[in-house]
Amino acid sequence: MSLKAFRPCVAELDGKILRFKSGSLTQAISDGCFALAIPSDLDVAPGIRLANEFYLDRTDSRCDEAARYRGFRSRDDIYFDRDHYQTEHILIDAARRSVEFPDAANVMCERMSAIGRIVLRTMLCAAGIPAVLWPRSTDQCSADGGVQWFAVSHYRPGKDAPGAPAHKDTGFVTVLYVEQSGLEAFVDNDWYDLPPVPGHFLIHFGGALEALTARLPIRVGAILHRVRQCGLNADTGGDRFSFAAFLNPAATSEAFQVSPDRRSLVSLGSVDAFLRDFNRATWRDRYADFGIA
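Using the UniProt record's numbering, you'd call the opening residue of the sequence shown number 1 and step up by one each time.
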C-alpha cells in the first residue's frame, strides 16, 4: 500500500541565518525535519560520485584522486555490510575522512558539517538554552567539536530486504543528501512517504537534541524514519544512494538534559552506553561498535 506524501517545511540560508520559505521554524521543530536549499556554491558532485563508487573495487594500484573514490569494502574499520537490510555504508569521522577521501569530497563534507552547526545553534536558540550551556551540553558540537561523522550509503537492489530499519539518528543534527524515493517518516502518529526535494538537503534532528530539550517548553523532536525496499531507479536505472553529515557527541562524553529552569544540565549517563543500546535495538547485527569506535 502506498503512503501519503509528507511535505516538509522548506528553508534557505541567508549567510548564517535560517529563513523559511514555506512552513516555519516552529513547525520544523515539531516535525523533526525540514528541507534546506543547497547553497549555490556547494558542489555535491563528489558525494554523488563517492556514493556510486565506494563499494566498487579499485581497478589498479594507482593512488590518484580517481582511485580514492573506490575500494572501501575492504576497510573493516569504516565499512559496514548490514545483514538484515539492503544498505551497505561507510561511517567515518573527520580525522580519518581527511586521509581516506578525495580532496573534493572532503571540501563538501566540511561545508555540510558547517551547515549542521548553523542549524544546531538555531535550534539551541529556539529552545531558549543559554549560550553558556552550549559547549558542555553539545560536547562542543555547536563550535566545531564533538564527532563529525560522515556516512555514505548504497542500497543493493538485488537484496530482498528492507532498505534500512526504523530509527532516530543518535546525534544532534543530520544533513542528508538524497535523490531517489524510498525514505519514509513517522509524523503525527502515522507513516508517510518523504520524497526528496530537488536541490535541497533534508535536515533531521536526532536523539541527543531531543533528550537535551525534553524538559523545556520548546522541545526539539527527533524524527523516526526508515527506508523501504528499493529497486533500480526508474529514471536513471541506478541504485539508490544517500550521504549525510552528522553532528554527534563523542562516545567518551556524557549525554545531557537541560533543567526546566534552563540554568543547569542534568547528566543522562554516558554516550557510549546510549549508542550500544541503540545498535542492539536498531541494527541487530555484529557491529556493536557502530558510531562508537
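Positions of the beta carbon are idealized from the N, C-alpha and C atoms, including for glycine. Quick caveat: nothing in here was measured; it's all calculated off a predicted structure.
Run through DSSP, which three-state label would Phe172 get? Here residue 172 refers to the residue found at position 172 when the sequence shown is read from its first residue. Correct three-state label for Phe172: coil.
Would you call Asp239 buried or exposed, if buried means 16 or more other Cβ atoms sit within 10 Å of its Cβ? To locate residue 239, count along the sequence shown from 1; it is residue 239. Buried: at least 16 other Cβ atoms inside 10 Å.
Could you pull the start and end residues of the beta strand (DSSP E) that Ile223 belongs to? Taking the first residue of the sequence shown as 1, we reach residue 223 at position 223. No beta strand (DSSP E) contains Ile223, which DSSP labels as neither H nor E.
Mind pulling the beta strand (DSSP E) runs of 3 or more residues that sit fully within the segment 234-277? 240-248, 254-258, 265-270
When the Cα of Leu3 is compared with those of Ile129, Ala185, Ser253, Val220, which residue comes out closest? Here the question's residue 3 lines up with position 3 in the sequence shown. Minimum Cα distance to Leu3 is reached at Ala185.
Assigned exposure category for Ala273 - 16 Cβ within 10 Å defines buried: Looking up residue 273 in the sequence shown gives position 273. By the neighbour-count rule (16 or more Cβ atoms within 10 Å), Ala273 is not buried but exposed.
Run through the DSSP bridge pairs and tell me what Trp149 is partnered with. Sequence index remark: in the sequence shown, residue 149 carries index 149 (1-based). Trp149 is bridged to Phe246.
Leu42 and Met108 look like a contact to me (Cβ under 8 Å); what is the Cβ gap, rounded to whole Å? Position 42 of the sequence shown holds residue 42. Position 108 of the sequence shown holds residue 108. Their Cβ separation, rounded to whole angstroms, is 7 Å, which keeps Leu42 and Met108 in contact under 8 Å.
Pop quiz: Phe201 and Gly221 are said to be a contact at Cβ under 8 Å. What is the actual Cβ separation, rounded to whole angstroms? Mapped onto the sequence shown, residue 201 falls at position 201. Mapped onto the sequence shown, residue 221 falls at position 221. Between Gly221 and Phe201 the Cβ distance is about 19 Å, and since that is not below 8 Å, they are no contact.
Would Ser40 be called buried (16 or more neighbouring beta carbons within 10 Å of its own) or exposed? As a working note, residue 40 is residue 40 in the sequence shown. With fewer than 16 other Cβ atoms within 10 Å, it is exposed.
Residue ranges of each alpha helix (DSSP H) within the segment 72-159, 4 or longer: 94-100, 103-126, 134-137
Could you name the residues that DSSP lists as bridge partners for Leu194? On the sequence shown, position 194 is the one that residue 194 refers to. For Leu194, which the question treats as bridged, DSSP gives no partner whatsoever.
Please classify Val266: is it buried, with 16 or more other beta-carbons within 10 angstroms of its beta-carbon, or exposed? Working through the sequence shown from its first residue, we reach residue 266 at position 266. The residue in question, Val266, is exposed, as its Cβ has fewer than 16 Cβ neighbours within 10 Å.
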